[in-house]
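Everything on this sheet refers to the single structure shown next.
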Amino acid sequence: MKKTWLAGVLLTVLAVTCGTFAKGVDKTLLQAPETGRNTSAIQRIEGLTEQNNVVAYLRQNNKLPDIYITKMQARDLGWNAKQGNLCQVLPGRAIGGDKFTNREKKLPMKPKRQWFEADVNYRCGHRGSDRLLYSSDGLIYLTLDHYRSFTLME
């Protein structure tokens, strides 16, 4: 019961705060999915996490859209990565905002530069391999193969 209530509250907050994200995204995607229509929810999150939409929002606002939630926040609210239940537990949300360590140094290094990651092209269920890597100083890279290769988004 508490999770259902919390999900309802989060959806309401999401609907109110997503207004700024609507500037570069088809507004029909921001409408709450109809109850019992899982296909609608999947199409909605696909549109909101489409790589070009997220890149445009990052460039314009220097932050991720409000639909993104860190892995820790999602876990605290009931997400289990092994179950791939993000869309069930937190409909309309995607994983993003966590620090990316760039341990293998495949992305450009610079003193004080920090890297962050966000899922893109998300289709509900288990997370895919598509990620945006964005830096504290404005660089944005895309990986479609889970960090094996990167493309600078210009």
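FYI, the numbering for the sequence shown is -22 to -1, 1 to 132, going by mature numbering (1 follows the signal peptide of the UniProt record, and there is no 0). The beta carbon of each residue, even a glycine, is placed where N, CA and C say it ideally should be. Note that the structure is predicted; figures quoted are calculated from it, not measured.
Report back the beta-carbon spacing between residue i and residue j to the nearest angstrom; my notes put them in contact at under 8 Å.
i	j	result
residue 27	residue 100	4 Å
residue 114	residue 91	6 Å
residue 72	residue 97	5 Å
State buried or exposed for residue i, treating a residue as buried only when at least 16 other CB atoms are found within 10 Å of its CB.
i	result
residue 37	exposed
residue 17	exposed
residue 134	No statement about residue 134 is possible, as the shown extent of the chain runs from -22 to 132 and does not include it.
residue 95	buried
residue 121	buried
residue 126	exposed
residue 13	Confidence in residue 13 is poor, its pLDDT being 45 and thus under 50, which makes the residue's placement too unreliable to answer from.
residue 130	exposed
residue 74	buried
Report the partner residues of residue i according to the DSSP bridge assignment.
i	result
residue 73	47
residue 94	77 and 112
residue 121	109
residue 17	DSSP output for residue 17 lists no bridge partner at all.
residue 36	Partner(s): none; residue 36 has no beta bridge.
To which residues of the same chain is residue i closer than 6 Å at the C-beta, ignoring the five residues directly before and after it?
i	result
residue 64	57
residue 67	56 and 57
residue 112	36, 94 and 118
Near residue i, what residues of its chain come up, given a Cβ to Cβ distance below 7 Å and the 5 sequence neighbours on each side ignored?
i	result
residue 6	For residue 6, the predicted model reports a pLDDT of 34, less than 50, meaning its position is unreliable and no value from the coordinates is stated.
residue 76	48, 49, 94 and 95
residue 53	none
residue -11	Annotation note: pLDDT 48 at residue -11 (below 50); position unreliable, coordinate value reported separately. So the list is empty, once near-sequence residues are dropped.
Taking 8 Å as the limit between beta carbons, can you name the residues of its chain near residue i, skipping five residues before and five after?
i	result
residue 19	11, 65, 69, 70 and 102
residue 124	107 and 109
residue 104	59 and 62
residue 2	Per-residue confidence for residue 2 stands at a pLDDT of 43, beneath the threshold of 50, marking its modelled position as unreliable; the derived number appears in the next sentence. Excluding positions up to five away in sequence, the list reads 31, 34, 35 and 38.
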